[in-house]
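Chemist: I'd like to ask some things about the structure below.
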Amino acid sequence: MLDIYKPNDRIDDFRRLACYPAVGFLFGNLATPYGPAYYQFAPRSMRYAYPMLNLIATDLGNPANSSLSPACLKAIAFMGVTHIITLPTFIGTEENMTYVATKGGVDWDVRFLRTQKEPPLIFGSTHANLVLASNITRPLCSENIIQSRTLCIAQDWQTLLDTVEIDPENKSLNFIPVTENQSYESLPGLPAVHILESKVQNQQVTIKVQTNEDCFLRLTLSYYPELRVMLDGKKTGFYETKAHFIYLKCPAGTHTIRLTAPLGLLRRLMLILSSLAIGICLLVLIVSKLRKQ
């Protein structure tokens with residue numbers, strides 16, 4: 011889920027960054043698969059995610075169009091944004107008010123607006139998902155990092171978005187852009203993938219997919235070499251895409267993919283210390299209460 015906050019053109023909107031990443035990024039040594047709340051510690055995939063998400067927010071708030079632009083819809087699919095939540099933008103007079111953010115291309119739920127509840131949120135389903143398939147991987151040059159307001163982003167994010175083509179019906183890419191140190195690979199057939207089930211939990215993401223051909227699956231989860239990826243209960247190899255997501259090879263048929271971010275040593279020590287601290291506090295409270303009695 012992408013929490014836009016206000017649909018405006020501000021790439022480093024603090025409230026948007028404080029809620030986001032919420033698109034299922036798996037961060038190896040932090041608390042949840044959604045990634046860190048603060049962009050200073052964000053994974054490298056955010057170099058592409060920040061400008062693409064700003065493109066979505068800007069397009070939502072643009073009063074000139076009644077539907078989301080093709081570029082915006084492609085960014086939603088590329089980022090695996092399944093749902094959007096945002097504050098609406100209004101234009102017109104009080105008698106003839108228009109909700110700019112409820113644009114075509116997303117199935118919006120505006121019940122909060124109709125009941126005049128606060129805050130006046132709108133929620134929409136995009137019909138995108140965390141998985142895209144392709145039969146081709148193609149290496150591209152590494153990105154140059156530039157400054158955009160307070161954020162560091164990839165200079166070629168727009169070029170990358172323009173280069174890929176997404177088939178929303180088959181959930182497929184014309185090719186998966188990969189890092190420049192990898193080689194070109196091709197498989198026969200044109201793949202289509204169907205998501206049967208997906209579950210995002212603390213430290214773990216589970217996805218059940220059905221594919222018609224042997225293919226490469228690109229998952230909108232940040233690449234970390236420490237990740238543990240299982241295909242049908244067996245450990246499998248995974249690789250880094252150009253946008254610093256992960257991809258893996260998947261045979262035709264129905265399969266269950268499970269990704270786990272193992273707890274780092276520091277986090278394990280912190281959990282032990284936290285448990286001890288809670289135990290000591292409870293003991294002190296119990297002893298204090300007994301003494302008063």
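Going by my numbering, the sequence shown opens with residue 11, and the numbers climb by one from there. Just so it is clear, CB atoms sit at the ideal spot from N, CA and C, and this is done for glycine as well. Quantities reported herein were computed from a predicted structural model and do not represent experimental measurements.
(1) Using the Cα positions of Ile-155 and Tyr-58, report the straight-line distance between them to the nearest angstrom.
(2) Using only CA atoms, which one of Thr-230, Arg-121, Pro-73 and Pro-98 lies nearest to Tyr-257?
(3) Does DSSP put Ile-95 in a helix, a strand or coil?
(4) Please classify Lys-330: is it buried, with 16 or more other beta-carbons within 10 angstroms of its beta-carbon, or exposed?
(5) Using a Cβ-Cβ cut-off of 8 Å (strictly less than) and excluding sequence neighbours within five positions of Ser-55, which residues of its own chain qualify?
(6) Which same chain residues, not among the five before or five after Gln-165, have their C-beta less than 8 Å away from its C-beta?
(7) Please classify Lys-181: is it buried, with 16 or more other beta-carbons within 10 angstroms of its beta-carbon, or exposed?
(8) For Leu-78, which residues in the same chain have their Cβ closer than 6 Å to its Cβ, ignoring the five residues on either side in sequence?
(9) Unbroken beta strand (DSSP E) runs of length 3 or more, entirely within the segment 204–273: which are they?
(10) Express the C-alpha separation of Pro-98 and Phe-24 in angstroms, rounding to a whole number.
(11) Name the one or two DSSP bridge partners that Pro-201 has.
(12) For Lys-84, does the count of other Cβ atoms within 10 angstroms reach 16, so buried, or fall short, so exposed?
(13) Would you mind giving the Cβ-Cβ distance between Ile-163 and Arg-228, rounded to the nearest angstrom? I have them listed as a contact below 8 Å.
(14) Please report the straight-line C-alpha distance between Glu-175 and Thr-169, rounded to a whole angstrom.
(15) Check whether the segment 14–23 touches the segment 208–221, counting contact only when three or more Cβ pairs, one atom from each stretch, lie closer than 8 Å.
(16) Looking at the secondary structure, which residues open and close the alpha helix (DSSP H) in which Gln-157 lies?
(17) Name the residue from Leu-283, Arg-268, Trp-118 and Tyr-249 whose alpha carbon lies nearest to the alpha carbon of Ser-193.
(18) Distance, Cα to Cα, Val-210 vs Pro-73?
(19) In chain order, what residues of the same chain lie with their CB nearer than 8 Å to the CB of Lys-9, ignoring the 5 residues before and after it?
(20) Would you mind sorting Val-188 into buried or exposed? The rule is 16 or more other CB atoms within 10 Å of its CB.
(21) Can you tell me whether Val-33 is buried or exposed, with buried defined as 16 or more other CB within 10 angstroms of its CB?
(22) With Leu-161 as the anchor, note down where its beta strand (DSSP E) starts and where it stops.
Modeler: On the basis of the supplied data:
(1) Along the sequence shown, one-based indexing puts residue 155 at 145. Along the sequence shown, one-based indexing puts residue 58 at 48. Distance between the alpha carbons of Ile-155 and Tyr-58 is about 10 Å.
(2) For the purposes of this step, residue 257 is identified with residue 247 of the sequence shown, where counting begins at 1. The shortest Cα separation from Tyr-257 among Thr-230, Arg-121, Pro-73 and Pro-98 belongs to Thr-230.
(3) What you label residue 95 is simply residue 85 of the sequence shown in a count that begins at 1. Looking at Ile-95 - three-state DSSP - the assignment turns out to be strand.
(4) Outside the displayed span of the chain (11 to 303) sits residue 330, for which this structure offers no information.
(5) If you number the sequence shown from 1, residue 55 lands on position 45. Excluding residues within five positions, the ones whose Cβ falls inside 8 Å are Phe-35, Ser-232, Tyr-233, Ala-253, His-254 and Phe-255.
(6) Counting from one through the sequence shown, the residue named residue 165 turns up at place 155. Closer than 8 Å at the Cβ level, and outside the excluded window around Gln-165, lie Glu-153, Asn-154, Ile-155 and Ile-156.
(7) By one-based count along the sequence shown, residue 181 stands at place 171. By the 10 Å Cβ count, Lys-181 comes out buried.
(8) Position 68 of the sequence shown, counted from the start, is the residue given in the question as residue 78. Excluding positions up to five away in sequence, the list reads Asp-69, Lys-113 and Gly-115.
(9) 214–221, 225–232, 238–241, 255–260 and 263–270
(10) What you label residue 24 is simply residue 14 of the sequence shown in a count that begins at 1. What you label residue 98 is simply residue 88 of the sequence shown in a count that begins at 1. Each residue's Cα considered, the two are about 18 Å apart.
(11) By 1-based counting over the sequence shown, the position of residue 201 is 191. Paired residue(s): none; Pro-201 is not in a bridge.
(12) On the sequence shown, residue 84 is found 74 positions in, with the first residue counted as 1. Buried, by the Cβ-count rule.
(13) Translated into positions along the sequence shown, residue 163 becomes position 153. Translated into positions along the sequence shown, residue 228 becomes position 218. Rounded, the Cβ-Cβ distance is 20 Å, inconsistent with contact.
(14) What you label residue 175 is simply residue 165 of the sequence shown in a count that begins at 1. What you label residue 169 is simply residue 159 of the sequence shown in a count that begins at 1. Cα to Cα, the separation comes out at about 12 Å.
(15) no
(16) The count along the sequence shown starts at 1 and reaches residue 157 at position 147. Careful: Gln-157 lies outside any alpha helix (DSSP H), inside the beta strand (DSSP E) at 155–158.
(17) One-based indexing of the sequence shown puts residue 193 at position 183. The shortest Cα separation from Ser-193 among Leu-283, Arg-268, Trp-118 and Tyr-249 belongs to Tyr-249.
(18) Position 200 of the sequence shown, counting from 1, holds the residue named residue 210. Position 63 of the sequence shown, counting from 1, holds the residue named residue 73. Looking at the two C-alpha atoms, the distance is approximately 35 Å.
(19) Absent from the model: residue 9. The displayed extent of the chain is 11 to 303, so no value can be given.
(20) Indexing the sequence shown from 1 puts residue 188 at position 178. The residue in question, Val-188, is buried, as its Cβ has 16 or more Cβ neighbours within 10 Å.
(21) Numbered from its first residue, the sequence shown carries residue 33 at position 23. Because the pLDDT of Val-33 is 38, which lies under 50, any placement of that residue in the model is unreliable, and the question is left without a value.
(22) As a position in the sequence shown, residue 161 is number 151, starting the count at 1. Leu-161 -> beta strand (DSSP E) spans 161–164.
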